Every structure is written in C-alpha cells, then in structure tokens.
Amino acid sequence: MFTRMLKLRLLNAVAPAYFFMATAVTFILHFCFFIPTIFPNPDTSLRGSTTLHTVVFLFLMFNALGNYIMTIKYPAESANETAVPVCSPHCSDKVDAHYLLNGRHFCKLCKKVILKRDHHCFFTGNCIGNKNMRYFIMFCIYTSCTCLYSLVLGVAFLTVEYSISFENPLTFLTLLPLSTGYFFMGTISGLQLFLVLMLYVWLGIGLVCAGFCCQQVLLVARGQTWCQMQRGQLVENSSPWKTNLKDVFGTRWILGLILPVQTVETFSDDTDANKQD
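Pasting the structure below:
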C-alpha cells in the first residue's frame, strides 16, 4: 500500500506539469507552424479565415485554462473539519480516500475532508466534489474541443506541408508506425515525428475527456457521484434530473458555457453534507 500511495503522490505532482507542457506545446505549434503554413498569405482573402481560426483556438484554450484554474480555486473541501477524522466502520479502506459518513470522504492525497467527493483529479491536484464539479466538467469539455480542433489543424498542416492525403482512413492509422520507421532510417526529422506523435496525443486526450465528461454529466443528472457508484451505493434521489443539473451548473448555466465564471452559489458545508445519504 505504501508503494502505491507513493506512486499516487508522484502522479499528483507530475500530471499538472504534463498538462501545462502539453498546453504550451499546442499553443506554440498552432501559432508557429499550423496557422503560418495553412494560411501563408494573411494579407489576401485568407485574412478572415486566419482570424476566425485564431479566435476559435484562443476561445477554446481560454475556457480550458480558465475552468482548470476555477477547479483549483474552489476546492471541494469541508471548512468545518480541520482535524483528521476517524474512519467509518463501513469504510472500504481505499488507498486514496476513506469514506466517513454523510457523503464525506477523507482524501489521503489532499489530506482534507471532502464533501460530495466524486474522485481525485491528478491533473488539477485536488478532489472533485461539491464546489468544483461544474468547472471540472467544463474543463473536460473545452480540453476535448481544443485537442480535437488541434488535431484537425494538424492534419491540415501535414496535408499542406508534406502533401499527405488523408482520404483513405488507413492513412492516419498507419501514420505513426510509418513515421517511426522513417525516422530511424533518417528519412524524416525529429520535428516531423514529434508532430505525428502530437496528433495521436490530441486524439487520445480529446476522446478520453469527451467520454469522461459524458459519464460525469450522467452521474450529475442521477444525483450520484463516482465514489458512490464504485461502492455500489444506490442513491434514493427524489429530485428530477433538471434540478440535479441546476444544482451543479447553476441558474446562469448558459454564461458558464462560454466563460469560466462562478455560476453556482456556494452553500454551507453542513447543508451539502445533509443532502447525502
């Protein structure tokens, strides 16, 4: 258990660094390679397209980073409990957290009591729960959109710069193994191989975030958390799904879709805890 806990703590430190590094690389590739190559003459009729793609990319990136910061800024912790509580007799003794009572968990990584704990997000370095679920879901949505949008621009860059045709679906599937072989034979440069690798990174992150986001929205609509589902705990929730979504996304949910701003009132910790179990 000690070894696994050490690995979790290491992941908790490495994952945010990986996120910021991937964000910086995506930003550099977009403005230093993709836009100048796809739209080489911004002074002509392509100026409108260049501006549009730049605005769309910056909008997606701004919301992804903004909701990432909001997820960290509003941690799902209990301000009323500072001491380490005694674990419940019904605790399943998970490695990363202990189930206490009344929808409360003690996270060993955060070393805090978490209300409505859903899971521990290593990319943000804190737990997702009562106060930051909305920001986490929007973070997943915009991260997925940013990655998939970068994937489209990356494919367009390879098409324009290296005359690679992606009309055949097998072209993308065989792009990584062929590029790796050509790199070791000295046919292509390390930069070209890195661009191909980033295409698969964007595809993987985009699909994972999209799938994870759909799962979280479904759990929120049911009034359930990931921790409860893992324990096989059925929540007797009398509230309709619209009310459950409103509790997480707030009444100004439309504003929250386009801007990383606070749209949910932060109720007291005792109120949140009493709503559970």
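Take the sequence shown: its position 170, counting from 1, is numbered 170 in the UniProt record's numbering, and each next residue is one higher.
Each residue gets a CB set at the ideal place from its N, CA and C atoms; glycine is no exception.
All values derive from a computational prediction rather than experimental measurement.
Query: Any C-beta of chain C sitting closer than 8 Å to the C-beta of F172?; Result: The structure shown contains no chain C; it holds only a single protein chain.
Query: Evaluate G190 with the Cβ neighbour count: other Cβ atoms within 10 Å of its Cβ, from every protein chain shown; 16 or more gives buried, anything less gives exposed.; Result: exposed
Query: Give the DSSP-derived three-state secondary structure of F39 in the structure shown.; Result: coil
Query: On the DSSP bridge assignment, give the partners of N126 in chain order.; Result: C121
Query: Quick check: the Cα distance between F27 and F20, rounded to an integer number of angstroms?; Result: 10 Å
Query: List the residues that DSSP assigns as beta-bridge partners of L115.; Result: R104
Query: Going by C-alpha to C-alpha distance, which of Y99, L101, H120 sits closest to L109?; Result: H120
Query: Identify, in the order they occur along the chain, each residue of the same chain with its Cβ nearer than 7 Å to the Cβ of F139, setting aside the five sequence neighbours on each side.; Result: A64, N67, Y68, T71
Query: Kindly indicate which three-state DSSP category L8 falls into: helix, strand or coil?; Result: helix
Query: For C227, which of helix, strand or coil comes out of DSSP?; Result: helix
Query: Determine which residues share a DSSP beta bridge with Y99 and list them.; Result: H105
Query: Can you give me the start and stop residues for the alpha helix (DSSP H) that T143 sits inside?; Result: 133-162
Query: Alpha carbon to alpha carbon, how far is F183 from E167?; Result: 24 Å
Query: With a cut-off of 8 Å on the beta carbons, I'd call F34 and L199 a contact; round off their distance for me.; Result: The pair is not a contact, with the Cβ atoms about 12 Å apart (cut-off 8 Å).
Query: Within 10 angstroms of its Cβ, does M133 collect 16 or more other Cβ (buried), or is it exposed?; Result: buried
Query: From G250 to T263, what distance separates their C-alpha atoms?; Result: 5 Å
Query: Please work out which residues of its chain come closer than 6 Å, Cβ to Cβ, to T37, disregarding the five sequence neighbours upstream and downstream, and give them in chain order.; Result: F157, V160, E161
Query: Quick one: measure Cβ to Cβ for I128 and F122, integer angstroms, because I've assumed they're closer than 8 Å.; Result: Actually they do not touch by this definition, with Cβ atoms about 11 Å apart.
Query: With a CB to CB cut of under 6 Å and the five nearest residues on each side skipped, what residues in its chain are close to K112?; Result: E77
Query: Excluding sequence positions up to five away, which residues of its chain have a Cβ less than 8 Å from the Cβ of L203?; Result: C147, L148, L151
Query: Y200 lies in the alpha helix (DSSP H); which residues open and close that run?; Result: 190-222
Query: On a CA-only basis, which of P177, F62, V261, V95 is nearest T3? Give me that one, please.; Result: V95
Query: Taking only the alpha-carbon atoms, compute the straight-line gap between T243 and L115 and give it to the nearest angstrom.; Result: 19 Å
Query: Hey, L175 and V201 are a contact pair by Cβ (cut 8 Å); roughly how many whole angstroms apart?; Result: With a Cβ gap of about 13 Å, L175 and V201 do not count as contacting.
Query: So, is P260 buried or exposed, given that buried needs 16 or more other C-beta atoms within 10 angstroms?; Result: buried
Query: How many whole angstroms separate the CB atoms of R117 and C227, which I take to be in contact at a CB cut-off of 8 Å?; Result: 5 Å
Query: Measure the alpha-carbon distance for D247 versus V220 and round it to whole angstroms.; Result: 9 Å
Query: The alpha helix (DSSP H) spanning M70 covers which residue range?; Result: 47-73
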